[in-house]
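**Student:** In the numbering used here, the protein residues as written are 121 to 440. Beta carbons are placed, not taken as given, at the ideal position from N, Cα and C, and that holds for glycine. From a predicted model like this one, the values you see are computed outputs, not experimental measurements. I am attaching a structure below and will ask some questions about it afterwards.
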Ligand code: EPU
């Protein structure tokens, strides 16, 4: 395990916000997880967080190590491994099921904390079990998908911050490739092999997001809001150009990107935080922005969308 004092987090949050942590612990495979006194933040690759201040406590991370074990079609990956490295690793070895999650930033551990999802697949669809360290009880726990309480961009790990360190995720994959084309736009893309589909998804994804080496962002900043069917139908009557909602168990899932776009926010900049010109769901660092500037922009968007459409947006990103 490595310990750092007074360390910059600029490269450890994808917004690229300049903040520091009082202490950082980096846990490697095989290390005993240490007991931490005082405030503790478990951080993955920092791809869904906005820091508004220095962190006056301990940041705990897992080392970025490619450590994967295979048992039949079950793949057990170290939580600190980059998720996209795992996606490529599995495809290279003829194990399928993760290809639609190509190019999602963040770690394997974060994939279950956030229940990441894209192009018709969510992490929960392929998770067999999660091996996590319970920092409160000081013991290892093996959790079934039901015990992980997965929801749309959420899980038990996100609901109980500071309690869990996800050490390994076991995914159940397939030896036979069958393209998952449930996200309509994929039908028109090359998908004869998992590798072809992966490459097409990477291109599609990056066409909608800022290039990380040019502008920091956290992907979708807001979740797509879920509203009652009657509210959706009345909005559709008022705005016939609104995209069709996705039906879910909780109600109709609307496109936050469309609402923000329709409210005129695409391409706007407030302070040094902006709304990405190609995708209104993405807030970005327009050059040396602070976390407070991102939060101020998000608040202005949320208030405006609520005033216009009566729909409350919720952040996907975590504000610290
Ligand atoms: N739209 C607009 N204007 C915009 C952006 C979107 O009109 O500026 C419209 C699109 O035309 C489309 C609809 O909104 O009709 C939905 O857009 P899209 O299919 O691109 O997906 P999304 O709802 O914006 C979600 C996820 C993404 C994921 C994509 C693809 C959330 C919050 N976001 O985005 O996840 O990659 O679907 O599956 O659920 C992430 O969570 O960080 C993320 C990137």
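1) Leaving out five residues before and five after residue 155 in sequence, what residues of the same chain have Cβ atoms less than 7 Å from its Cβ?
2) When you measure from the CB of residue 272 to every non-hydrogen atom of ligand 1, does any distance come out below 8 Å?
3) Residue 297 by DSSP, collapsed to three states: which one?
4) Helix, strand or coil: how does DSSP classify residue 198 here?
5) Taking the straight line between their C-alpha atoms, what separation do you get for residue 347 and residue 354?
6) If the criterion is Cβ atoms closer than 9 Å, does the pair residue 149 and residue 187 meet it?
7) For residue 190 versus residue 215, is the C-beta spacing smaller than 9 Å?
8) Would you report the Cα separation of residue 333 and residue 250, rounded to the nearest angstrom?
9) What residue range does the alpha helix (DSSP H) around residue 203 cover?
10) Nearest CA to the CA of residue 381: which residue from 312, 223, 428, 169?
11) Under 8 Å from any heavy atom of ligand 1, does the C-beta of residue 404 make it?
12) With respect to the beta strand (DSSP E) encompassing residue 124, which residues constitute its N-terminal and C-terminal limits?
13) With contact counted as at least three CB pairs below 8 Å, one residue from each stretch, are the region 275-290 and the region 311-321 in contact?
14) On the criterion of 16 or more Cβ atoms from any shown chain inside 10 Å, does residue 128 qualify as buried, or is it exposed?
15) For residue 302, does the three-state DSSP call read helix, strand or coil?
16) Do the region 221-230 and the region 306-313 meet, that is, are 3 or more Cβ pairs less than 8 Å apart?
17) With a cut-off of 8 Å, do at least 3 Cβ pairs link the region 386-398 to the region 406-418?
18) Cα separation between residue 123 and residue 290?
19) Taking the alpha-carbon positions, what's the residue 372 to residue 244 distance?
20) Could you tell me the alpha carbon to alpha carbon distance between residue 229 and residue 421, rounded to whole angstroms?
21) Using a Cβ-Cβ distance under 9 Å, would residue 252 count as near chain C?
22) Between which two residues does the alpha helix (DSSP H) carrying residue 419 extend?
23) Ligand 1 and residue 343: does any heavy atom of the ligand fall closer than 8 Å to the residue's C-beta?
24) Alpha carbon to alpha carbon, how far is residue 131 from residue 349?
25) From the DSSP output, in three-state form, read off residue 271 for me.
26) Classify residue 368: buried if its beta carbon has 16 or more other beta carbons within 10 angstroms, exposed otherwise.
27) Along the alpha helix (DSSP H) that carries residue 443, what are the first and last residues, could you check?
28) Should residue 218 and residue 246 be called a contact, given that it needs their Cβ atoms to be closer than 9 Å?
**Tutor:** Reading from the atomic positions:
1) Correct list, in chain order: 258.
2) With a cut-off of 8 Å, the C-beta of residue 272 is classified as near ligand 1, since at least one heavy atom of the ligand falls inside that distance.
3) Here residue 297 sits in coil by DSSP.
4) Of the three classes helix, strand and coil, the one that applies to residue 198 here is strand, per DSSP.
5) Residue 347 and residue 354: Cα-Cα distance of roughly 11 Å.
6) A distance below 9 Å separates the beta carbons of residue 149 and residue 187.
7) Yes, Cβ-Cβ distance for residue 190 and residue 215 is below 9 Å.
8) Those two C-alpha atoms are separated by around 32 Å.
9) It spans 203-212 - the alpha helix (DSSP H) in which residue 203 sits, taken as one unbroken run.
10) The shortest Cα separation from residue 381 among 312, 223, 428, 169 belongs to 428.
11) With a cutoff of 8 Å, residue 404 does not count as near ligand 1, since its C-beta is closer than that to no heavy atom of the ligand.
12) Unbroken beta strand (DSSP E) run through residue 124: 122-128.
13) No, because fewer than three Cβ pairs between the region 275-290 and the region 311-321 fall closer than 8 Å, the two stretches do not touch.
14) That one is exposed.
15) Coil at residue 302, not helix or strand.
16) Cβ pair count under 8 Å is below three, so no.
17) The region 386-398, when compared against the region 406-418, does touch it at the 8 Å Cβ threshold.
18) Rounded to the nearest angstrom, the two C-alpha atoms are 28 Å apart.
19) Their Cα atoms are separated by approximately 20 Å.
20) Just so you know, the alpha carbons of residue 229 and residue 421 end up roughly 30 Å apart.
21) No chain C appears in this structure, which consists of one protein chain only.
22) Where residue 419 is concerned, the enclosing alpha helix (DSSP H) starts and stops at 411-429.
23) Under cutoff, so the answer is yes.
24) C-alpha separation (whole angstroms): 42 Å.
25) Under the three-state reduction of DSSP output, residue 271 falls in the strand class.
26) Exposed, by the Cβ-count rule.
27) It is not possible to answer for residue 443, since the shown part of the chain is limited to 121 through 440.
28) Inclusion of residue 218 and residue 246 in the CB contact set at 9 Å is warranted, their separation being smaller than that value.
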